[in-house]
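**Q** 1 is the number of the first residue of the sequence shown in full-length UniProt numbering; add one for each residue after it. Even for Gly, the Cβ is constructed at its ideal location relative to N, Cα and C. Please read all numbers here as calculations on a predicted model, not as lab measurements.
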Amino acid sequence: MSNAHNHRPGHGPEHLPTIPDEQTPLIGNTRSSYSEPYDESADGEDEDIDPDDFDLLLTRSSSYTTGLLGPETNETPLLRGDRKYSTNSRIGHATTFSSRRPSVTSEAIEDEVASELDRAGHGTDKPTLFLGGISHGRFWWIFGNVLALHFVSCFDGTIMASSHPVITSYFQSSNSASWLSTAFLLTSTAFQPLLGRLSDTVGRKGPYIVTGTIFALATLWCALAQSMTSFIAARAVCGLGAGGVMTLGSIIVSDLVPIERRGAYQSYINMVYGVASTSGAALGGFLAEHLGWRAEFGIQVPPLFLCVGIAVITIPGDLGLSFQAHKETVMQAMKQFDFRGSFFMTTAITFLILGLNLGGNVLAWTHPFVLTSLAIFAVSFPSFLWIERSASRPIMPLRLIHHSPHANMIFSNFLAAFIMNAILFNMPLYFQAVLLTSATTSGLCLMVPTIAASTCGTATGFLVTWTKRLKWPLMLGAVLFLIGTVVLSCLQRGWPLFVYLIFLVPLSMGQGFTFPGTFMAVLAASEQADQAVVTSTLILWRSMGTVLGIAGSSLIVQNSLWSYLETYVTDTAARDAGIPGGKSEVIERVRESVEAIGNLRGLVLEQVVRSYEASIRAAFLSCIIIALGSLMLLLPIRLPRLGERKK
């Protein structure tokens with residue numbers, strides 16, 4: 001049927017700018033932008049726009065900028081995509097009406113509640129500041145829900161650090177402790193890229209609700225587990241749910257918040273992440289000892305189900321689908337889904353994590369399972385890259401890792417994650433094996449870098465929004481990473497404890513500037529239609545950097561330690577300390593357990609401590625080279641400034 005507004009004078013398509021939807025440029029595009037030119041309809045005319053809709057679009061997309069860092073035109077790829085979704089889209093697009101009274105369905109109830117939230121949130125006739133016509137009230141319900149799920153996910157992901165001894169002792173399976181974190185990390189990493197592309201296919205709401213429900217049910221499973229095998233399986237499912245809600249939550253916020261204001265909301269997410277991670281690691285052991293480890297998981301279940309219920313009501317059903325150039329049914333979209341690429345990518349990541357986490361930790365590097373896992377990765381990952389070359393909707397578009405600035409930022413972020421986790425993994429070892437502090441003290445010492453990273457991460461989002469510049473957080477973070485690795489390589493025994501904590505600050509500040517800064521810059525340099533897959537790709541490579549940082553640094557430390565122990569430890573010193581097996585027994589003991597160092601006395605203690613100090617320094621020195629590579633990747637990229645709205 002025809003719309004009356006199409007014939008209003010002054011508002012027809014011939015009087016409109018060449019903006020059929022919210023595609024007004026805001027910031028300068030980069031040379032590597034992989035956008036497609038806007039394709040007009042077949043008859044060569046722009047789609048008609050309601051005058052009220054046009055005013056709303058104009059207030060949200062018209063912008064000016066005071067300068068650019070690059071020579072390109074003043075255009076923001078992130079805001080080119082179609083943003084015209086609303087809670088009433090399923091009703092508004094109808095062309096015929098039934099004379100019968102509509103039945104009351106759950107979908108109708110959701111739409112009615114969402115409409116009430118929008119009407120209550122608007123309050124005035126002023127246009128909303130959020131995309132998709134979402135009111136202030138409704139947005140804060142959505143964003144608050146995202147923050148709540150982020151908090152529980154981060155809290156749940158870090159409680160194992162201090163509570164796993166209680167759980168493994170309960171099941172009398174201390175030798176399975178490493179699987180508790182490996183299972184969670186495996187699923188939370190392996191399936192994240194699939195969720196980005198899947199949400200482009202079926203929308204954001206469905207996958208977000210499903211992963212949230214999985215997370216809640218898996219957490220309940222953890223609380224009720226009757227065996228270690230059951231508990232490990234529950235942790236694996238928890239990883240899938242937690243990784244899903246965190247990835248999709250970031251994508252949903254990017255769908256609703258204009259890029260020039262995205263930094264402020266990213267700061268809120270960083271703040272929640274820091275508080276949750278710190279409290280999870282600090283309170284996990286306390287809750288497990290005083291409330292019981294089952295209650296530790298049980299108290300998370302009601303908030304999780306509450307968050308899922310809020311998401312069902314508040315998140316628009318077509319969120320994410322409106323970026324498609326041609327509307328498709330779910331079945332049509334699923335036919336083009338990259339199932340082959342998904343299989344090979346998941347297989348590659350799974351066996352890489354298994355091989356690197358178990359090798360040198362639970363199993364020897366020469367163990368058949370470790371070698372087989374790494375061999376499967378070596379075959380499946382190149383196969384995945386080959387499949388992605390011809391996929392119509394690839395899980396990870398190869399242009400993201402082939403062309404600047406995306407490739408530079410993604411790989412620089414990968415190296416930064418490698419460095420950060422290599423340092424954080426080995427600093428407790430340095431405190432315990434070299435400075436001979438307790439495990440509790442070494443854990444508390446890591447609170448300082450966590451606070452520094454959270455503070456800088458929170459400030460970065462607000463500062464990017466204020467300065468309108470995207471490159472400075474990346475460069476500052478890379479420089480701080482380089483400074484941090486250099487000063488940590490110079491650590492010496494005998495200093496006051498606060499000096500070691502101060503030396504950890506530059507690296508932690510680098511983390512705070514780098515990770516949120518990269519996230520903002522990658523989004524700003526990407527098409528709105530691609531922001532989901534860009535987000536999941538960035539998180540994937542960051543997670544792989546985490547895994548490789550821990551495994552790579554552990555490999556360096558263990559190999560160096562064996563060499564230094566053979567060089568420094570003498571058989572005479574070992575026997576003088578009352579160890580009947582001499583040098584070989586000392587080496588075997590201290591390589592198996594750090595606690596064995598505290599039982600040594602005399603000259604052999606000094607020899608072992610010296611060996612640990614030299615081996616950890618070798619790992620830190622290797623991080624200097626990696627930090628330099630991360631900085632070199634960022635130097636040549638050109639990023640535009642964020643645009644400002646016309647007032």
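Since residue 604 and residue 577 are thought to touch, with beta carbons under 8 Å apart, how far apart are those beta carbons, to the nearest angstrom?
**A** Right, their Cβ atoms sit about 5 Å apart.
**Q** Quick check on residue 239: buried or exposed, where buried means 16 or more other Cβ atoms within 10 Å of its Cβ?
**A** With 16 or more Cβ atoms within 10 Å of its Cβ, residue 239 is classed as buried.
**Q** For a test of the three-state rule: what should DSSP assign to residue 446, helix, strand or coil?
**A** Correct three-state label for residue 446: coil.
**Q** Would DSSP call residue 129 helix, strand or coil?
**A** Here residue 129 sits in coil by DSSP.
**Q** Could you check whether residue 190 and residue 349 sit closer than 8 Å to each other, using their CB atoms as the reference points?
**A** In this structure, residue 190 lies closer than 8 Å to residue 349 by Cβ.
**Q** Tell me the DSSP secondary structure of residue 325 in three-state form.
**A** Only weak support exists for where residue 325 lies, its pLDDT of 49 falling under 50; the coordinates are left without a value.
**Q** How big is the Cα-Cα spacing for residue 532 and residue 371?
**A** Going from the Cα of residue 532 to the Cα of residue 371 covers about 34 Å.
**Q** Residue 639 and residue 471 - do their beta-carbons sit closer together than 8 Å?
**A** Yes, the pair counts as a contact, with Cβ atoms nearer than the cut-off.
**Q** Taking residue 299 as the reference, give the member of 253, 204 and 284 with the closest Cα.
**A** Ranking the options by Cα distance to residue 299, first place goes to 284.
**Q** Which residue's Cα is closest to the Cα of residue 418: 273, 216, 543 and 185?
**A** Checked all of 273, 216, 543 and 185; the closest Cα to residue 418 is 543.
**Q** With DSSP as the reference, identify every bridge partner of residue 641, one or two as the case may be.
**A** For residue 641, which the question treats as bridged, DSSP gives the partners 469.
**Q** For the structure I just gave you, are there three or more beta carbon pairs, one from the segment 352 to 362 and one from the segment 389 to 398, closer than 8 Å?
**A** Counting Cβ pairs under 8 Å, fewer than three are found: no touch.
**Q** If we define contact as Cβ-Cβ less than 8 Å, is residue 360 a contact residue for chain B?
**A** Protein chains in the displayed structure number just one, and chain B is not present.
**Q** Using the Cα positions of residue 171 and residue 225, report the straight-line distance between them to the nearest angstrom.
**A** If you take the alpha carbons of residue 171 and residue 225, they lie about 10 Å apart.
**Q** Starting from the C-beta of residue 295, find all residues in its chain whose C-beta is less than 8 Å away, skip the five residues before and the five after it, and write them out in chain order.
**A** Around residue 295: 223 and 287.
**Q** At the level of alpha carbons, what is the spacing between residue 28 and residue 641?
**A** With a pLDDT of 37 at residue 28, under the threshold of 50, the predicted position of this residue should be treated as unreliable, and no value is reported.
**Q** Classify residue 359 as helix, strand or coil using the three-state DSSP reduction.
**A** Strand at residue 359.
**Q** Do residue 511 and residue 570 have their CB atoms nearer than 8 Å?
**A** Cβ atoms of residue 511 and residue 570: not closer than 8 Å.
**Q** Could you tell me which of 394, 177 and 196 sits nearest to residue 539, measuring between CA atoms?
**A** Of 394, 177 and 196, the residue nearest in Cα terms is 196.
**Q** Rank 258, 549, 290 and 555 by C-alpha distance to the C-alpha of residue 363 and give the top, closest one.
**A** When each option's Cα is compared against that of residue 363, the closest is 555.
**Q** What ranges does the alpha helix (DSSP H) occupy inside the segment 249 to 311, keeping only unbroken runs of at least 4 residues that lie completely in it?
**A** Taking only runs of at least 4 residues, the alpha helix (DSSP H) segments lying wholly in the segment 249 to 311 are 259 to 290 and 293 to 298.
**Q** Using a Cβ-Cβ cut-off of 8 Å (strictly less than) and excluding sequence neighbours within five positions of residue 232, which residues of its own chain qualify?
**A** Contacts found: 176, 179, 180 and 183.
**Q** In chain order, what residues of the same chain lie with their CB nearer than 6 Å to the CB of residue 321, ignoring the 5 residues before and after it?
**A** Contacts found: 203.
**Q** Once DSSP output is grouped into helix, strand and coil, what is the label at residue 135?
**A** Three-state DSSP puts residue 135 in coil, outside helix and strand.
**Q** Would you kindly report the start and end of the unbroken alpha helix (DSSP H) that includes residue 599?
**A** Note, residue 599: premise wrong, no alpha helix (DSSP H); not H, not E.
**Q** Among the candidates 341, 237 and 497, whose CA atom is the shortest distance from the CA of residue 383?
**A** It is 341 whose Cα lies nearest to the Cα of residue 383.
**Q** Rounded to a whole number of angstroms, what is the C-alpha to C-alpha distance between residue 39 and residue 534?
**A** Because residue 39 carries a pLDDT of 42, less than 50, the predicted location of this residue cannot be relied on, and no value is offered for it.
**Q** Check whether the Cβ atoms of residue 251 and residue 188 sit closer than 8 Å, and answer yes or no.
**A** Cβ distance not < 8 Å, so residue 251 and residue 188 don't count as in contact.
**Q** Are the segment 268 to 285 and the segment 447 to 459 in contact at 8 Å, needing three or more beta carbon pairs?
**A** Yes, the segment 268 to 285 is in contact with the segment 447 to 459.
**Q** Where residue 139 and residue 518 are concerned, what is the direct C-alpha to C-alpha distance, given to the nearest angstrom?
**A** Approximately 25 Å between the Cα atoms of the pair.
**Q** Within 10 Å of its beta-carbon, does residue 389 have 16 or more other beta-carbons around it, so buried, or fewer, so exposed?
**A** Exposed is the call here.
**Q** Could you give the distance in angstroms between the alpha-carbon of residue 156 and the alpha-carbon of residue 560?
**A** Approximately 34 Å, taken between the alpha carbons.
**Q** Which of the three DSSP states is assigned to residue 457 in this structure?
**A** Helix at residue 457.
**Q** Once the 5 residues before and after residue 338 are set aside, which same chain residues still bring their CB inside 7 Å of it?
**A** Counting only Cβ-Cβ distances below 7 Å, and skipping sequence neighbours, we find 197, 391, 393, 394 and 395.
**Q** So the alpha helix (DSSP H) residue 529 belongs to, where does it begin and stop?
**A** Note, residue 529: premise wrong, no alpha helix (DSSP H); not H, not E.
**Q** Would you kindly check if the distance between the Cβ of residue 281 and the Cβ of residue 442 is under 8 Å?
**A** The answer is no: Cβ separation not under 8 Å.
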